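Take a look at the structure set out below.
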Amino acid sequence: MPKHLKRGVDAGDATGSYDRKRSKSNPAIGTIPYDGNADEDHILSDEAISRKNFQPGAELLAALFNQCTTLNPKYGRVQEATALYNEYPQIRDALKKACEERNFRSIRTLDFIHAFMKFDSPNDSRRAVGTALDRYQDNLRLYAEGDVNLKAWIPTSDSYAHINLPSKSSDFPDLLLHELGEWSQDGGVMAQTVPMVFSPEHHTFVFNASGTGKTRLLLDGLVRKWGFYFACATDLQSPHGSFDLTFAIKLLSRSKRFCNTVSLGNADPTDIIKNRDITEQSLLKVWLVRLLVFERFLSLVPRTMPVDEAKRRWLFLQLFPSKLVQSDVFSVVSRSLSGAEITFMKAMITETFINIKQRLPCDEHLFAVFDEAQYATKTYNEAFLSEDFTEHRPVLAEIIAVWENLGHDMTLVVSGTSPFTNVRRNSRSSPIGSPGGWQLFTSTGEFSARESQEKYIMRYIWPSVKVKEDLAHRDQSILDRAWRWFRGRHRFTSSYITLLLCFGLRSAHRLLNMPFTQATNYTPIDGAGFVDHEPELKATVKDRVKTLSQIKANVLNDDGLEYFKKDAFDTLLRSVFRSHGIVSTDNRDELVSLGFAHICGPPIAGRNDVRMDEPIMLMALATWFNSLPGTVNSAPQPKSYISMISRHPNANDVMACYLLNAFSGETRLDKFIKFAGPKPSWASESAELVTIVGKDNTGTRTTCVITPTSGYSPSFGIQPTTSTETSRWLENPDGVPFCFPDENFGPDIIFLIKVGERRIWVCVQTMGRLKKRRSSTRPPAVQREAFSSEIRSNLIPPDLMAYAFEKDDERRRSKRRKTMNPDLFLRLIASYPKPPKATSLREHAAEYPYPLGLIDMTGFVNAMSAIFPHFNDDLTK
1 MPKHLKRGVD
11 AGDATGSYDR
21 KRSKSNPAIG
31 TIPYDGNADE
41 DHILSDEAIS
51 RKNFQPGAEL
61 LAALFNQCTT
71 LNPKYGRVQE
81 ATALYNEYPQ
91 IRDALKKACE
101 ERNFRSIRTL
111 DFIHAFMKFD
121 SPNDSRRAVG
131 TALDRYQDNL
141 RLYAEGDVNL
151 KAWIPTSDSY
161 AHINLPSKSS
171 DFPDLLLHEL
181 GEWSQDGGVM
191 AQTVPMVFSP
201 EHHTFVFNAS
211 GTGKTRLLLD
221 GLVRKWGFYF
231 ACATDLQSPH
241 GSFDLTFAIK
251 LLSRSKRFCN
261 TVSLGNADPT
271 DIIKNRDITE
281 QSLLKVWLVR
291 LLVFERFLSL
301 VPRTMPVDEA
311 KRRWLFLQLF
321 PSKLVQSDVF
331 SVVSRSLSGA
341 EITFMKAMIT
351 ETFINIKQRL
361 PCDEHLFAVF
371 DEAQYATKTY
381 NEAFLSEDFT
391 EHRPVLAEII
401 AVWENLGHDM
411 TLVVSGTSPF
421 TNVRRNSRSS
431 PIGSPGGWQL
441 FTSTGEFSAR
451 ESQEKYIMRY
461 IWPSVKVKED
471 LAHRDQSILD
481 RAWRWFRGRH
491 RFTSSYITLL
501 LCFGLRSAHR
511 LLNMPFTQAT
521 NYTPIDGAGF
531 VDHEPELKAT
541 VKDRVKTLSQ
551 IKANVLNDDG
561 LEYFKKDAFD
571 TLLRSVFRSH
581 GIVSTDNRDE
591 LVSLGFAHIC
601 GPPIAGRNDV
611 RMDEPIMLMA
621 LATWFNSLPG
631 TVNSAPQPKS
641 YISMISRHPN
651 ANDVMACYLL
661 NAFSGETRLD
671 KFIKFAGPKP
681 SWASESAELV
691 TIVGKDNTGT
701 RTTCVITPTS
711 GYSPSFGIQP
721 TTSTETSRWL
731 ENPDGVPFCF
741 PDENFGPDII
751 FLIKVGERRI
761 WVCVQTMGRL
771 KKRRSSTRPP
781 AVQREAFSSE
791 IRSNLIPPDL
801 MAYAFEKDDE
811 RRRSKRRKTM
821 NPDLFLRLIA
831 SYPKPPKATS
841 LREHAAEYPY
851 PLGLIDMTGF
861 VNAMSAIFPH
871 FNDDLTK
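In the UniProt record's numbering, the protein residues as written are 1 to 877.
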């Protein structure tokens with residue numbers, strides 16, 4: 001047969017059997033869902049067939065069977081092909097059409113033909129898989145003995161010519177694979193964690209949010225240990241690994257005997273057994289082929305090759321089979337076994353496993369790693385049952401059971417964004433953490449420390465610089481801003497490094513802003529002074545950046561996630577307004593799975609410290625919530641996200657959230673503020689929220705405008721617990737607009753607005769049934785105390801007057817009058833459901849010269865009700 005067609009096509013029915021009666025009577029001929037052959041392979045094979053000038057008939061059919069490694073070689077004999085050709089009119093019609101078009105791809109990919117995979121004996125199965133594997137002998141030998149020819153990234157600048165990086169595409173380097181194994185060496189960032197996961201003492205579930213470094217942890221372990229890498233999902237987001245397991249899972253339901261829904265309570269035992277048998281057969285062929293290829297690889301590795309290099313090559317072969325041996329050897333060879341019996345495969349697995357162990361040192365332990373396992377927790381959720389038949393289990397339970405039941409001396413590592421509760425048949429009798437069972441590992445790798453992130457960036461961008469202080473001021477600012485906006489999970493920082501490597505440092509600050517804005521709809525403005533002097537990014541660069549900045553906060557629109565919105569909004573408020581991002585709700589694992597939160601703290605069973613504090617995720621959520629009034633995707637608004645605001649521990653945060661939108665520069669102040677006493681001269685003007693960001697060369701404080709979609713900092717507020725901390729914020733807010741000062745300071749909320757050329761400090765007191773919390777430790781659940789029911793005598797603390805934005809002539813007049821210019825401060829009252837007494841308002845308005853106003857809570861409730869439909873009802877209960 002032509003050597004070019006090495007990648008076979010899929011086997012159709014996962015069981016390898018077929019119904020002759022059904023096939024003959026069904027005139028519709030479908031095609032297989034996945035064709036592993038390249039277009040050029042089909043073209044060359046078509047040319048080889050055409051040169052023989054076959055006529056439509058059995059001889060042509062036999063030749064086509066001989067070309068494809070996944071078809072039963074029995075039908076490569078003309079006598080057998082004749083019987084097939086005479087019996088099935090579908091094949092006759094398809095062959096005639098293919099001959100006319102001189103294109104036989106349609107024959108090779110016929111679902112009908114690929115159902116003929118029932119082998120007559122174990123010897124047929126052994127012969128078929130051996131023949132399929134032999135066709136890779138030369139390519140495997142070249143790979144085992146020669147160079148590892150992975151495509152290298154070609155830098156566009158000579159500055160990075162010294163870096164030897166693999167390439168995931170023509171555009172970007174693949175940092176995931178760079179210097180594999182170094183992180184787990186002594187002193188490396190994974191020196192402690194890799195041995196915890198790759199321990200022969202127990203199986204391990206690795207759980208954390210997407211992008212936290214799980215796959216790098218797995219690969220760093222497998223490059224040091226002999227093992228097997230399986231991807232439960234292989235796509236553009238997870239491009240590494242063979243398709244063998246992915247398609248084995250997907251094709252289960254194509255078996256006519258597979259039952260997608262097995263009822264609880266009155267389940268038919270036959271359905272349970274059939275589903276398990278079909279799944280076991282599909283998984284066993286994947287495992288057998290992986291062992292056979294590994295055995296063949298070990299036999300071809302030169303004796304002189306260092307063991308570490310051999311381990312690296314075996315891992316890379318599993319990650320990039322199509323690139324290294326021309327096609328996905330694991331997928332192709334496994335299809336040659338689609339008709340093999342379970343008993344035969346188990347016997348051959350045991351035989352092959354023993355052979356492999358004999359080739360390895362006696363103390364060498366093997367590991368089987370299943371990455372992206374969250375997909376296997378969401379698949380066929382009603383097709384399998386627990387061991388006691390009382391609960392449904394996903395297909396991952398069957399994967400684990402098949403590997404465990406084989407009894408190999410081997411450790412399993414299952415990794416993904418799922419908490420992995422109830423993903424085993426016997427989860428109750430053998431819970432996570434039980435002796436000799438499974439452990440849960442969560443410390444996967446992140447940049448929660450500023451120094452570690454800076455070192456990681458510098459090793460790629462400024463490899464010759466040892467300390468940050470040796471960098472130019474602009475370059476130091478790149479590191480500062482990377483920490484401010486990209487701290488947290490590994491993927492955010494590595495994506496930014498990728499952009500800097502590809503497009504250089506000339507527009508480094510623009511390259512930081514663009515992916516952040518594309519991912520979150522929030523624009524960082526803290527680097528404006530640098531951005532103004534950087535070249536504009538070309539449109540082609542912007543298009544390529546989009547592939548690295550995809551975060552979908554609107555996943556919360558999905559059906560079934562309604563109750564997550566409340567927890568997400570609650571934690572979002574506490575995190576962005578008070579820097580308290582610990583998730584304390586019962587749904588914290590689900591928030592991790594959705595990607596909004598991540599796990600910190602102890603590596604083993606460390607799920608107590610779940611945080612939602614990463615700027616890129618917070619801003620994506622914040623801008624999504626801010627966009628909710630009206631409609632989302634032309635659908636009616638979902639119901640209340642946080643339905644009981646009167647019992648909310650952070651009601652001041654909700655008020656600040658409203659004020660963030662109210663002071664947008666679009667609405668006159670007297671439209672949402674009812675002034676008690678004389679209106680200030682600027683009452684009919686609009687105001688913008690601003691914050692102090694530093695001082696200019698003359699020592700004058702500088703400010704910038706803050707909006708719901710742009711800001712100087714990913715934090716909107718701060719909650720000092722002492723007067724010293726409050727004074728520190730007044731001195732240098734560092735772009736944080738809201739302050740919830742210490743209890744002794746006076747007001748509940750302080751912020752700065754700009755009205756025309758004026759800078760006015762605003763002090764807010766909240767009253768009525770709204771609740772607030774006061775705690776030095778700021779735990780998520782604390783005793784709440786009611787807001788004061790009386791207006792405080794002086795909402796303008798004396799300490800605040802020192803920070804007034806007075807002009808020189810105003811300052812001189814203030815000294816003569818011994819009073820502060822009243823237009824520099826604004827007192828506001830937020831009271832609900834009832835406003836303060838009118839007499840009380842007039843008295844306080846007359847007592848002090850600073851304007852006093854009552855926030856229009858009707859506007860507040862209407863604005864909040866657009867997001868929370870039951871806001872008013874719950875607030876007044």
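From the three backbone atoms N, C-alpha and C, an ideal C-beta is built for every residue, glycine too. These figures come from a predicted structure and were not determined experimentally.
Proximity below 8 angstroms, CB of residue i to CB of residue j
i: T707; j: S664; result: yes
i: V755; j: L828; result: no
i: P733; j: P741; result: no
i: L537; j: S579; result: no
i: L319; j: G241; result: yes
i: V223; j: L165; result: no
i: T417; j: V592; result: yes
Residue from the options whose Cα sits closest to the Cα of residue i
i: K466; options: M458, I163 and H473; result: M458
i: P46; options: M655, R450, A376 and E101; result: Note on residue identity: the sequence assigns Asp, not Pro, to residue 46. Of the candidates M655, R450, A376 and E101, the one whose C-alpha sits nearest the C-alpha of D46 is E101.
i: R216; options: S199, A191 and H473; result: A191
i: Q719; options: R758, T766, M767 and D653; result: D653
i: L406; options: E182, E454 and F353; result: F353
i: M617; options: S210, T131 and I107; result: S210
i: V423; options: L440, S464, T377 and V402; result: T377
i: D570; options: I272, C657 and A397; result: C657
Helix, strand or coil at residue i [DSSP, three-state]
i: D729; result: The question names Asp, yet the displayed sequence has Trp at residue 729. Three-state DSSP puts W729 in a helix.
i: A368; result: strand
i: I718; result: strand
i: C600; result: coil
i: V413; result: strand
i: M458; result: helix
i: L264; result: coil
i: H844; result: helix
i: T156; result: coil
i: Q439; result: strand
i: W483; result: helix
Same chain, Cβ closer than 8 angstroms to residue i, neighbours up to 5 away in sequence not counted
i: S448; result: R487, G488 and C600
i: L218; result: V197, V206, Y229, V369, D371, V413 and S415
Spatial distance of residue i from residue j (CA atoms)
i: I497; j: F230; result: 28 angstroms
i: D526; j: P833; result: 39 angstroms
i: K52; j: L324; result: 32 angstroms
i: S684; j: D670; result: 6 angstroms
i: S263; j: E382; result: 8 angstroms
i: F54; j: L60; result: 6 angstroms
i: R77; j: H42; result: 22 angstroms
i: residue 894; j: T700; result: With the chain covering only 1 through 877, there is no way to say anything about residue 894.
i: E351; j: V545; result: 50 angstroms
i: P841; j: E666; result: Just to set this straight, residue 841 is Leu in the shown sequence, not Pro. Computed Cα separation, rounded: 27 angstroms.
i: V861; j: A662; result: 12 angstroms
i: L177; j: A248; result: 26 angstroms
i: S50; j: L298; result: 39 angstroms
i: R588; j: G853; result: 40 angstroms
i: P849; j: T839; result: 17 angstroms
i: S121; j: G339; result: 10 angstroms
i: L471; j: S452; result: 17 angstroms
i: N626; j: H473; result: 35 angstroms
i: E341; j: R126; result: 11 angstroms
i: V289; j: I399; result: 16 angstroms
Own chain, CB closer than 7 angstroms to residue i, minus 5 neighbours either side, in chain order
i: Q783; result: In this predicted model, Q783 has a pLDDT of only 33, less than 50, meaning its place in the structure is not dependable; the value taken from the coordinates is given anyway. Same-chain partners within the cutoff: there are none.
i: N275; result: F258, C259, V262, A383 and F384
i: L500; result: I461, A508 and L511
Own chain, CB closer than 6 angstroms to residue i, minus 5 neighbours either side, in chain order
i: L175; result: S494
i: D696; result: T702
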